[in-house]
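Structure first, commentary second.
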Amino acid sequence: MSSAVRAGTGARPSDRSGRRPVLRPGRRLSRRGRQRLAADAGLLVLAAAFVVPLLWLVFASLNAEANLKVRPPTDPTLDNFSAVLTDEITFTPMWNSLLICGGATLLTVLCASLAAYPLSRFRSRFSRPYLLTILFSTCLPITAVMVPVYALFVQINLVDTMHGTAFFLATSQLPFAVWLMKNFMDGVPVVLEEAAWTDGANWWQSLLRVIVPLMGPGMTVVTIYSFIMMWGNFFVPFMLLLSPEKLPAAVSIFTFFGNYGAVAFGELAAFSMLYSAPVLVLYILISRRLGGGFTLGGGVKG
Amino acid sequence: MSTVKVTAPPERREAPGSERARRRANGGRYWRWLPVAPATALMLLFLAGPIGYCAYLAFTDMQLTGQATSSFVGLENFRRAFQDSDFLNAVVLTLVFTLLSSIVGQNTLGLLLAGLMQRASKAVRSVTGAVVICAWVVPEIVAGFLLYTFFHKEGTLNSILDWLHLPSQNWLYTLPILAVSFANIWRGTAFSMLIYSAALSEIPTEVSESAQVDGANGIKRIWYITLPMIRRSIGTNLMLNTLQTLSVFGLIWAMTRGGPGNRSTTLPVFMYDQAFNKALIGYGTAVALLLLVVGALFSLVYLRLMREEV
Chain A
264 MSSAVRAGTG ARPSDRSGRR PVLRPGRRLS RRGRQRLAAD AGLLVLAAAF
314 VVPLLWLVFA SLNAEANLKV RPPTDPTLDN FSAVLTDEIT FTPMWNSLLI
364 CGGATLLTVL CASLAAYPLS RFRSRFSRPY LLTILFSTCL PITAVMVPVY
414 ALFVQINLVD TMHGTAFFLA TSQLPFAVWL MKNFMDGVPV VLEEAAWTDG
464 ANWWQSLLRV IVPLMGPGMT VVTIYSFIMM WGNFFVPFML LLSPEKLPAA
514 VSIFTFFGNY GAVAFGELAA FSMLYSAPVL VLYILISRRL GGGFTLGGGV
564 KG
Chain B
-4 MSTVKVTAPP ERREAPGSER ARRRANGGRY WRWLPVAPAT ALMLLFLAGP
46 IGYCAYLAFT DMQLTGQATS SFVGLENFRR AFQDSDFLNA VVLTLVFTLL
96 SSIVGQNTLG LLLAGLMQRA SKAVRSVTGA VVICAWVVPE IVAGFLLYTF
146 FHKEGTLNSI LDWLHLPSQN WLYTLPILAV SFANIWRGTA FSMLIYSAAL
196 SEIPTEVSES AQVDGANGIK RIWYITLPMI RRSIGTNLML NTLQTLSVFG
246 LIWAMTRGGP GNRSTTLPVF MYDQAFNKAL IGYGTAVALL LLVVGALFSL
296 VYLRLMREEV
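Those sequence lines, one after another, are chains A and B. Each residue of the first sequence is one higher than the last, beginning at 264 in the numbering used here. Each residue of the second sequence is one higher than the last, beginning at -4 in the numbering used here.
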């Protein structure tokens, strides 16, 4: 951007035709150009290194005789997908994932938005320590508490239940969700709420009628982010669920390395694609949202 | 809004009417904090509870094999850990894994990517961003399998090396910790890249340009201008990466299961192995507690970095 500005000043001021002033090819500009070429080349090399494992996924899923190497299929086929799309292999684990992660996400978002409201709006000597504790627990390695969580769940009979797993997943995501939601809520101007209060709304009404609609983009981000994190979580369901019919896709994927010796790599790749697709789509959705949508300026006049 | 008396103290900006409305709207002084209750209850039950239980279990000899009672053994588990060569091996491997993949790998590569992206053309920038972020969004276990095939003896890396006429290796056997570290770099770099891209775009171009006018070359500009200006982001990123890397389990489990032998057994894998395969819940929990304490120390440093934002 700055190169255009600097080059623009080099152009003659008399150059006032309708076209943009022609850039004089000075030394500096060509150096910029060289820099850009070098940066492009460097990035492409890095991107190539990152893309190779992903290419394996795509190629192997379309190849009936897939092995461990990246190789474009000579005879692309959807056989792997049709072999995988059965109740036992795909639909039950995906449904389990959806139940566990969907339920946990709902719980997280509900609790987080409720908690974020007072934390964002009222002052108390407890709110700062509370927020610091929340921020502290966002960083704790959840992996480390899984052994005691398992022991605890055995004691209170929650092991191998889907709701127990959902409760724990929800809680593990909750500190970050509260933190994010509080920050998003800080961005909603209090003036709007005060107007609602003056009109006689109570806090519940102002939350539901004023904050939630304005928080739309923020809540979407928290919801989708929590869901992506839970969908990809392997360790929690791996520890807390035992029965094969309750396993979510994250854990059932190990059945491809089953007791039958050879691994069906094509089917593994096809299943991985199906399992990864929802989070990829959801990520694309929020990354668009993150771009715009966060301007609440239109809601406040003068 | 214009009912503020002239005699009111200047820091009081709100009109009294609005204050009254606020109090009426919010119910009592304490009732208005009620919405925090569900989240707090969940976190006390399922987060603080297990952490407390962890601190208790670590001092007992609880086992998984259905023995009726477990007794208090004091520091026995910890004494045992520090004499256990497998535990010390896991500590060293965790340090190597964290240093290599998080502090050196993800951090540097993320900064490099962000720096290059600032200078690159738009098309290349978005393609690279998409690929790197895709590696990040893919579920952990899928990433594990992808890199398993990549580093496998008959996998892609070796066929690339063959094609370049370089000696191939059985990566997952000879250098498993290197393979899983690279896997973690592959998976985690996007986060650093996003943080650094945001940080770099906030540096005003004037600063860098005036340094250029004063005759600073590229390396000097990076060292004296860019890095000091993004130092807060560097701190945040290092902390979060390290904490994330300390708790990596699925990636290693999918690639090597901690093997061959125990040559890629980091602390989380060791903890799992002791608690479930060897049925020593008490001992596994002691290891978990140590991991938790290390994580807590890093979190405290992170809190200090973030202090101004609460």
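Every residue, glycine too, gets a C-beta built ideally from N, C-alpha and C. Predicted, not measured: the structure shown is a model, and the values here were computed from it.
Residue i, enclosing alpha helix (DSSP H) - first and last residue
i              : result
M57 (chain B)  : No alpha helix (DSSP H) holds M57 (chain B); DSSP gives it neither H nor E.
K445 (chain A) : M425 to D449
W494 (chain A) : G479 to W494
F520 (chain A) : Neither: F520 (chain A) is in no alpha helix (DSSP H) and is coded neither H nor E.
F399 (chain A) : S390 to C402
S383 (chain A) : T355 to R384
F265 (chain B) : L262 to Y267
G254 (chain B) : Run containing G254 (chain B): none; DSSP gives neither H nor E here.
P336 (chain A) : That residue, P336 (chain A), is in no alpha helix (DSSP H); it is neither H nor E in DSSP.
L455 (chain A) : V453 to T461
I276 (chain B) : I276 to M301
A50 (chain B)  : G44 to L52
I229 (chain B) : R226 to L241
Collapsed DSSP secondary structure at residue i in the structure displayed
i              : result
F67 (chain B)  : strand
E197 (chain B) : coil
D350 (chain A) : helix
S506 (chain A) : coil
Y25 (chain B)  : coil
A36 (chain B)  : helix
D79 (chain B)  : coil
I220 (chain B) : helix
L470 (chain A) : helix
L415 (chain A) : helix
F534 (chain A) : helix
G555 (chain A) : Caution applies to G555 (chain A), whose pLDDT of 38 falls short of 50 and renders its modelled position unreliable; the model cannot decide the point.
S387 (chain A) : coil
K273 (chain B) : coil
N179 (chain B) : helix
P30 (chain B)  : coil
L320 (chain A) : helix
V542 (chain A) : helix
E204 (chain B) : helix
G273 (chain A) : Summary for G273 (chain A): the model assigns pLDDT 38, below 50, so the residue's position carries little reliability; its value from the coordinates is reported in the next sentence. Residue state, collapsed to three classes: helix.
S550 (chain A) : helix
D342 (chain A) : helix
G213 (chain B) : helix
P476 (chain A) : helix
Sub-8 angstroms separation of residue i and residue j beta-carbons
i              : j              : result
S435 (chain A) : V499 (chain A) : yes
Y413 (chain A) : L503 (chain A) : yes
S306 (chain B) : T240 (chain B) : Since the first residue of chain B shown is -4 and the last is 305, residue 306 (chain B) is not available in this structure.
C374 (chain A) : P45 (chain B)  : no
M234 (chain B) : L300 (chain B) : yes
F520 (chain A) : V526 (chain A) : yes
T261 (chain B) : W319 (chain A) : no
A85 (chain B)  : S192 (chain B) : no
A440 (chain A) : S400 (chain A) : no
D423 (chain A) : S360 (chain A) : no
V127 (chain B) : A185 (chain B) : yes
Q58 (chain B)  : L275 (chain B) : yes
Where residue i meets chain A, residues with beta-carbon distance less than 8 angstroms
i              : result
L322 (chain B) : As shown, chain B starts at -4 and ends at 305. That puts residue 322 (chain B) outside it, with no answer to give.
L141 (chain B) : P316, L317, W319, L320 and S535
E149 (chain B) : N330, L331 and K332
Where residue i meets chain B, residues with beta-carbon distance less than 8 angstroms
i              : result
I549 (chain A) : Those do not exist, as I549 (chain A) stays about 10 angstroms from chain B at its closest Cβ, beyond 8 angstroms.
A540 (chain A) : Under the 8 angstroms cutoff, chain B gives no residues; its nearest Cβ is about 10 angstroms from A540 (chain A).
P438 (chain A) : M38 and L42
V441 (chain A) : A34
I352 (chain A) : Correct list: empty, because the minimum Cβ distance to chain B is about 15 angstroms.
Chain-ordered neighbours of residue i on chain A, where CB pairs are closer than 9 angstroms
i              : result
E135 (chain B) : G495, N496, F497, F498 and A513
P171 (chain B) : In chain order: nothing, as chain A lies at least about 16 angstroms away.
I276 (chain B) : V410, P411, Y413 and A414
Partner residues on chain B for residue i, Cβ-Cβ distance less than 7 angstroms
i              : result
C374 (chain A) : P33, A34 and L37
Residues that residue i contacts on chain A, provided the C-beta gap is smaller than 7 angstroms
i              : result
G44 (chain B)  : L415
V119 (chain B) : D303, L306 and L307
Y297 (chain B) : C402
G183 (chain B) : The contacting residues do not exist; G183 (chain B) stays about 12 angstroms from chain A at best.
Contact list for residue i against chain B, beta-carbon separation under 9 angstroms
i              : result
S383 (chain A) : Chain B residues near S383 (chain A): none, gap ~11 angstroms exceeds 9 angstroms.
L377 (chain A) : L29, P30, V31, A32, P33 and A34
L361 (chain A) : Within 9 angstroms Cβ-Cβ: nothing; L361 (chain A) doesn't reach chain B, min ~14 angstroms.
Which residue spans inside the stretch 107 to 172 of chain B form an unbroken alpha helix (DSSP H) run of at least 4?
Within the stretch 107 to 172 of chain B, the complete alpha helix (DSSP H) runs of at least 4 residues are 117 to 132, 135 to 146, 151 to 158 and 166 to 169.
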